[in-house]
Amino acid sequence: MDYRREIDGLRALAILPVILFHAGFGVVSGGFVGVDVFFVISGYLITTIVLAELARGDFSIAGFYERRARRILPAMFVVILLCLPVAWVMLDPFEMKEFSQSIFATSLFSSNFYFFLKTGYFDISAELKPLLHTWSLAVEEHYYILFPLAIMPLWKHGRKLIPPVFATIFAASLLFAQWGIMYHPSMAFYLLPARAWEIMLGTLCAIVLSRNGERKLAAPPWAEQLASLAGLVLIVGAVLAFDGKTLAPGPAMLVPTVGAALVILFARPGTLAHQLLGLRAFVLIGLVSYSAYLWHQPALAFYRLYFVDDPSHTVAIALIVAVFVLAYLTYRLVETPFRARGALRLTRRQVFAFALIGLVAMAAVGFSGHHWRGFPGRNVQTLRLGQNGGLSFACSGADLDDARCKSKADPKVILWGDSYAMHLGQALADVYRDQGLWQMTLSSCPPVPGFLDAPVKAAVTCDKFNDRVIEKLRTLPHPEAYTVVISSMSNLAAPLYRPMSSNTFDELSKRGYKLVLVSQTPRYRGTKRCLKMHIRSDGDFSSCTFDFNQADNRSFFDQLRAFSATHNAQFVDLSRLFCDDSQRCSIQKDGVLLVRDIGHMSTESTGKLAAFLRSQLQPTGRVAGAPPSAGVPAAQAR
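Taking our numbering, the leading residue of the sequence shown gets -12, the next gets one more, and so forth.
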């Protein structure tokens, strides 16, 4: 195809907002739309090349995949290879395990499925995943697999059907995206069916242009000028006006993608848009945009992982400069030599052999990191930050009769809640050794029947899991013989939860269950940084202290205490384990680390937690020697 320098300029207009957005520059709050622009460009370029080869009669599947392998894989292999030693030194075993899993998923061109199952794009944790950005490469790779298989039979048996077929795919995908962002937003964001319309928009641009022998639309100069400038305005406007609340990839994304399409269709020589995008600086950035995209997420994520903080604007600019230096070197030393006419005169067979060896090596490295749980021998101290699953990690969404979630054959104490209930499991099993503990928990799922707004973290959704629990509690014989311990990260006394929580507590109390509500831990935003800094050095967290009034959830404790009194439930205030009467709180007591992150109890805290709970709990369900509202430091009672 004829080289169009304005397309490289358009790539620059896509990559710069993406990098600035991920670096934390708020002025480009919609910088993520650069990925959507890339999808349109990819659809246009690939379709243009394929249609030209089909017209010449020299298109082949093998040749198509050879070009994709030369274009995509060498730079990706180099970036992941150079990230490995950084990850080895910097990541704890749990982070290293997830990083390894993402490498394995990338090797199978399925990282979009992996990140769909693991996280949401705008979650804080997403910023800490070095290979998160490979989800968009996986989407394009799925398109590369399907597109040639779709267009070849159409070209052979019905060329006139090509425009309406791909227009139909565009419309169907856009409708699916609208449905997806309403009901399954994470799925819509990461997977091809809801993204295909963006790529199809570029495909339709290529089809429209290829049907004209001059490779351009028959439009007067003033119309080209106006349409191409409108395209730039739409892209820049989306970058500046959109934010994390903008639903992607729904109809709102028509703004930047239609903008990209207008540039592709109308930014011809002589237009102002062509002159702007054709500037040498923009073209150079566009040429290295793929390598820059590969490098930017690892650079920013590793910084945040090491310093447990976002980079300042000065540091962010320095990181961006480093990204483009690495991108230029990768473009010159890796991308260019591997292209068809590059310095490395590789045959097609050699290219495929190189690709296979590289992908198998990636898969082996990824599987090893997963299988050996992130190689914990690198730093034994970091194992102290391991997850606390209670009786078993399987108890997150497990079948209620799973033996792994019962400390005795016929337990009389039921633990119900999310991961903030799970971390109580082993300690409660020690406290209720004679009665036995029955763990009914699901991570990220508050114990509120009827509550729907919770992510899918297991084979069962939150509402269905809570339905199972409440149905089990309704059918157990002799409920007066049971104690139900409820705990959650969510404030069950908040307006969002209170109506459903009140109904649940009232129903269980009327049935005869003894109820215990255990609070969250006090959550202090400086905890994670303090943990990271000391886990790398001395393992002493005695300096990690804070005032109770600095806790983000300080208001929850009084609200939960009042809620418990109203609903005939005992309240256990975990802030008493962390804080003294002067409201000074610490995440370490007597050399024991109490939490593994900002709020979850550590595994090593089980003994301390059990001793504390034993001092608060009695078979009658009352705090020893005190009414339900007592026992909290006077300064906190207010």
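Using N, Cα and C, we set each Cβ at its ideal position, and we do this for glycine too.
{"query": "Residues of its chain near M349, where Cβ-Cβ distance is below 6 Å and the 5 sequence neighbours each way are ignored", "result": "I90 and S94"}
{"query": "Option nearest F492 by Cα separation, candidates A113, S383, S551 and V223", "result": "S551"}
{"query": "Distance CB(T323)-CB(A330) smaller than 9 Å", "result": "yes"}
{"query": "Coarse secondary structure for A613, derived from DSSP in three states", "result": "Caution is warranted here: a pLDDT of 37 is assigned to A613, below 50, making its placement in the model unreliable, and no coordinate value can be reported."}
{"query": "Status (buried if at least 16 other CB within 10 Å, exposed otherwise) for T462", "result": "exposed"}
{"query": "Buried or exposed by the 16-neighbour rule on C-beta atoms within 10 Å, applied to V275", "result": "buried"}
{"query": "Sub-9 Å separation of Q426 and C392 beta-carbons", "result": "yes"}
{"query": "Meets three-Cβ-pair contact criterion under 8 Å: the segment 231 to 249 and the segment 23 to 30", "result": "yes"}
{"query": "Under the three-state DSSP convention, the category V14 falls into", "result": "helix"}
{"query": "Rounded C-alpha distance that separates S496 from F19", "result": "49 Å"}
{"query": "L483 to G377 span [Cα, whole Å]", "result": "27 Å"}
{"query": "Spatially closest choice to L41 from E114, L136 and E458, by CA coordinates", "result": "L136"}
{"query": "Straight-line Cα distance separating G513 from V631", "result": "Lying before the first or after the last residue shown, residue 631 is absent from the chain, which here runs from -12 to 625."}
{"query": "For L424 and S394, believed in contact at Cβ under 8 Å, the rounded distance", "result": "4 Å"}
{"query": "Where W142 falls: helix, strand or coil (DSSP)", "result": "helix"}
{"query": "Cut-off 6 Å between Cβ atoms - residues of its own chain near A193, not counting five sequence neighbours on either side", "result": "Y31, T34 and T35"}
{"query": "Distance CB(L460)-CB(R485) smaller than 9 Å", "result": "no"}
{"query": "DSSP state of E(-7) mapped onto helix, strand, coil", "result": "helix"}
{"query": "Stretch-stretch touch, CB-based, cutoff 8 Å, three pairs: the segment -12 to 3 with the segment 257 to 275", "result": "yes"}
{"query": "Beta-carbon proximity check, A158 vs W142, cutoff 9 Å", "result": "no"}
{"query": "CB-CB length for Q422 against V400, believed under 8 Å", "result": "5 Å"}
{"query": "4-residue-minimum alpha helix (DSSP H) runs that sit fully inside the segment 173 to 216, ordered along the chain", "result": "179 to 197"}
{"query": "Straight-line gap, I138 to A181 (C-alpha atoms, nearest Å)", "result": "20 Å"}
{"query": "Beta-carbon spacing of R233, G11 below 9 Å", "result": "Sequence check: residue 233 is Thr here, not Arg. No; because the gap between Cβ atoms is not below 9 Å, this pair is not in contact."}
{"query": "Straight-line Cα distance separating F176 from L3", "result": "21 Å"}
{"query": "D534: first and last residue of the uninterrupted alpha helix (DSSP H) it sits in", "result": "Here D534 belongs to no alpha helix (DSSP H); instead the beta strand (DSSP E) covers T532 to D534."}
{"query": "P207 to R255 span [Cα, whole Å]", "result": "11 Å"}
{"query": "Secondary structure of G353, DSSP reduced to three states", "result": "helix"}
{"query": "Nearest neighbour of T317, chosen from S431, W282 and P151 [CA to CA]", "result": "W282"}
{"query": "Exposure label - S173; buried when at least 16 CB within 10 Å", "result": "buried"}
{"query": "Exposed unless 16 or more other CB atoms sit within 10 angstroms - verdict on F380", "result": "exposed"}
{"query": "7 Å Cβ shell around A49 - same chain, five flanking residues per side excluded", "result": "R335"}
{"query": "Of the listed residues Y293, Y277, L219 and L387, nearest to I251 (C-alpha basis)", "result": "L219"}
{"query": "Closest Cα partner of L161 within the set A125, L241, F86 and F289", "result": "L241"}
{"query": "As assigned by DSSP and simplified to three states, the class of R(-2)", "result": "helix"}
{"query": "Where the beta strand (DSSP E) containing A556 begins and where it ends", "result": "A556 to V559"}
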